[in-house]
Amino acid sequence: MEEVAGPGSLAGGRMVLASAAVFLLPLAGAIAGAVWVRTGPSRQLAAALAGFVAGVAAAAGLIRRLRLRVIK
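Counting from 154, one number per residue, gives the positions in the sequence shown under our numbering.
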């Protein structure tokens, strides 16, 4: 029987985890970067942007791992 969402897709708890990761990891990365660098507004902004990018990369990596586990 084929899944309703299609083969290899995220469903249930994995979908909730993926959705939370896509929203929360970039947000947490940006906040952590801004809090970590407090030397000036421009450096704080740069650190927040770098943290955001790191959070997006972390979320993408986590979702890839989740999808690999679903496919196998």
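Where a beta carbon is used, it is the ideal one built from N, C-alpha and C, also for glycine.
Note on geometry: alpha-carbon atoms of GLY166 and ALA173 lie some 11 Å from one another.
Residue burial annotation: GLY208 is buried, with at least 16 other C-beta atoms found within 10 angstroms of its C-beta. GLY204 sits away from GLY193, with the two beta carbons spaced by 7 Å or more. Annotation for LEU178: GLY208, ALA211, ALA212 place their beta carbon closer than 7 Å to its own, counting only its chain and skipping 5 residues before and after. If you compare the alpha carbons of ARG196, ALA164, ARG217, ALA201 with that of ALA181, the shortest gap goes to ALA201. By the neighbour-count criterion, in which a residue is buried when 16 or more other Cβ atoms sit within 10 angstroms of its Cβ, ALA164 is exposed. Assignment of VAL190 by DSSP, reduced to helix, strand and coil, places it in the coil class.
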